[in-house]
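>
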Amino acid sequence: MGKQHLTSKYFVGTSGWHYEHWRGLYYPVELAKPKWLKFYSKQFNTVELNNSFYHLPTEKVFITWRESSPENFVFAVKVSRFITHIKKLRNIGSVLDNFLSRACLLQNKLGPLLYQLPPNMKRNDEVLESF
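Quick note, in numbering that gives the first Met the number 0, the sequence shown goes up one by one and the last residue is 130.
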């Protein structure tokens with residue numbers, strides 16, 4: 000058997016970067032919060048966007064994230080709980096379109112979309128098929 004080469008790329012990051020208790024532990028005490036992502040993205044090449052689960056960030060916020068991170072940085076975006084927990088993946092066409100139009104502002108930095116489903120949600124082939 001010949002030598003195999005790794006063809007996959009590894010992404011290492013955390014679930015979010017905007018945690019006050021990281022000040023002094025990870026972020027320098029004097030570093031202003033608006034600079035935290037830039038600092039973070041010099042150490043890691045990906046991050047999970049958690050706040051998109053709770054509310055839809057504005058266009059300006061998505062653009063700022065894109066512009067504050069290096070070219071090879073990847074954002075894993077958690078899909079809105081309105082889609083997963085309230086609508087339970089049903090009748091979400093316009094809501095999902097709106098969410099995706101915002102997330103796509105990350106352009107080439109948009110990575111996976113993370114769908115966290117409710118723990119009590121049962122498999123439903125009809126819902127999955129329409130999704």
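Even for Gly, the Cβ is constructed at its ideal location relative to N, Cα and C. Note that the structure is a prediction, hence the values are computed from the model and not measured.
1. So, are the CB atoms of residue 45 and residue 73 less than 8 Å apart?
2. By alpha-carbon positions, which one of 21, 24, 115 ends up nearest to residue 51?
3. What ranges does the alpha helix (DSSP H) occupy inside the stretch 48-87, keeping only unbroken runs of at least 4 residues that lie completely in it?
4. Is it right to say residue 59 is buried, meaning 16 or more other beta carbons lie within 10 angstroms of its own, or is it exposed?
5. If you reduce the DSSP assignment to three classes, tell me which class residue 118 lands in.
6. I believe residue 61 touches residue 82 by the beta-carbon criterion, under 8 Å. Please report the beta-carbon distance rounded to the nearest angstrom.
7. Among residues of its own chain, excluding the 5 on either side of residue 40, which ones have a beta-carbon nearer than 7 Å to its beta-carbon?
8. Taking C-alpha atoms, which residue in 108, 120, 124, 123 lies nearest to residue 10?
9. Buried or exposed, going by whether 16 or more other CB atoms sit within 10 Å of the CB of residue 85?
10. With a Cβ-Cβ cutoff of 8 Å, do residue 55 and residue 79 count as a contact?
Taking the coordinates as given:
1. Against a cut-off of 8 Å, the Cβ pair of residue 73 and residue 45 comes out as a contact.
2. Shortest Cα-Cα distance from residue 51 to any of 21, 24, 115 involves 115.
3. You should have 50-53, 58-66.
4. When all chains shown are included, residue 59 counts as exposed.
5. In this structure, residue 118 counts as coil in the three-state DSSP scheme.
6. Actually they do not touch by this definition, with Cβ atoms about 17 Å apart.
7. The answer, listed in chain order, is 68, 69, 72.
8. That would be 108, whose Cα lies nearest to the Cα of residue 10.
9. Counting other Cβ atoms within 10 Å of its Cβ, residue 85 stays below 16 and is therefore classed as exposed.
10. Taking 8 Å as the cut-off, the Cβ atoms of residue 55 and residue 79 count as close.
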